[in-house]
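Enquirer:
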Amino acid sequence: MTEKPVDNEGERHSVQFGGRKIEFALVWRNRAHLSIDVHPDRTVIVVAPQVHSLQEVLERVRKRAAWIVKQLDYFERFEPLPPPRKYVPGETHLYLGRQYRLKVTKSAKDDVKLLGRYLHVFSNQPGDNEHTKGLVHGWYRAHAQVMFERRLALCLQAARGLDVTAPKIIVRRIKTRWGSCSKRGTILLNTELVKAPVDCIDYVIIHELCHLKIHEHTPAFYRLLSRCMPDWEHRKARLETIIL
Ligand SMILES: [Zn+2]
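Take the position in the sequence shown, starting the count at 1, then add 70; the result is the number in our numbering.
#1: List, from N- to C-terminal side, the beta strand (DSSP E) runs of 3 residues or more that fit wholly inside the stretch 196–247.
#2: How is the alpha helix (DSSP H) around Tyr292 delimited, first residue to last?
#3: Contact check, Val85 vs Val116 under 8 Å by CB: the rounded distance?
#4: Quick one, are the C-beta atoms of Pro237 and Gly255 less than 8 Å apart?
#5: Determine the direct distance from the alpha carbon of Asn199 to that of Arg155, and round the result to whole angstroms.
#6: Mind checking whether the beta-carbon of His277 lies closer than 7 Å to any heavy atom of ligand 1?
#7: Excluding the 5 residues flanking Glu219 on each side, which residues of the same chain have their C-beta closer than 7 Å to its C-beta?
#8: Would you say His83 and Leu96 are within 8 Å of each other, going by their C-beta atoms?
#9: Is it the case that the CB of His287 approaches a heavy atom of ligand 1 more closely than 7 Å?
#10: Taking a contact to mean a Cβ-Cβ separation below 8 Å, would you say Lys306 touches Leu294 in this structure?
#11: Do Tyr165 and Val241 count as a contact pair if the criterion is CB distance below 8 Å?
#12: Is it buried or exposed, Ala229, if we count other Cβ atoms within 10 angstroms and call 16 or more buried?
#13: Can the beta-carbon of Asn260 be found less than 8 Å from the beta-carbon of Ile244?
#14: So for Lys91, helix, strand or coil by DSSP?
#15: Scan the stretch 161–187 and note each continuous beta strand (DSSP E) run of 3 residues or more that stays entirely inside, going in chain order.
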């Protein structure tokens with residue numbers, strides 16, 4: 071899927087399936103196809119073409135209900151979700167699939183460094199968690215940009231047969247997508263992806279590179295993806311089990 075990322079907002083609706091109530095957020099977009107996504111935090115997001123009626127959308131969601139429930143149950147196995155980060159010392163934070171413990175030290179100059187098993191924040195306001203959060207986010211952003219560009223160069227080399235020109239990479243915090251690609255050839259990657267192992271990062275990059283050739287998720291798209299990255303399904307499954 072390559073549509074623009076949607077956040078968790080949207081109209082709230084639900085359908086019944088057996089004894090279960092499936093709740094979902096509905097977002098209307100100017101696009102041709104309806105998509106249903108179930109996310110690891112067990113939110114269900116439906117993006118529907120503006121020309122659809124609500125009745126049509128509910129019908130489509132009902133038809134996919136068995137699949138939605140299966141996805142929800144799958145993600146439930148990974149509960150409990152970690153509590154939201156508070157940016158206090160001792161907390162663990164992920165980088166490239168490895169856990170680092172947050173350390174905060176008073177310093178005249180703000181800085182963040184990965185030192186051994188620590189994500190070490192040097193802060194002029196060490197007691198201020200919001201300040202720490204800002205520093206950590208800035209560090210992730212900067213590292214995401216560098217890391218994604220490095221991986222992109224390697225992915226382009228590995229998938230030489232793909233024959234695409236290097237796209238511009240934009241890194242941004244997105245709630246519900248790891249990546250997307252625009253028809254103008256820009257790839258948008260989620261800052262959070264830098265928390266995942268390199269194998270998973272490469273999967274998202276290759277997936278989006280394939281979209282530069284074939285925009286929709288057609289069988290031809292998956293054939294191309296498999297040719298560029300034969301083990302993509304394994305990487306995708308791994309990415310889906312990561313709880314950030
Ligand atoms: Zn896609």
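All residues carry an ideal CB built from backbone N, CA and C; glycine is no exception.
Expert: Let's see:
#1: 238–242
#2: 289–298
#3: That belief does not hold up - the Cβ atoms of Val85 and Val116 are roughly 10 Å apart, past 8 Å.
#4: yes
#5: 10 Å
#6: yes
#7: Ile239
#8: yes
#9: yes
#10: no
#11: no
#12: buried
#13: yes
#14: strand
#15: 162–165, 168–176, 181–185
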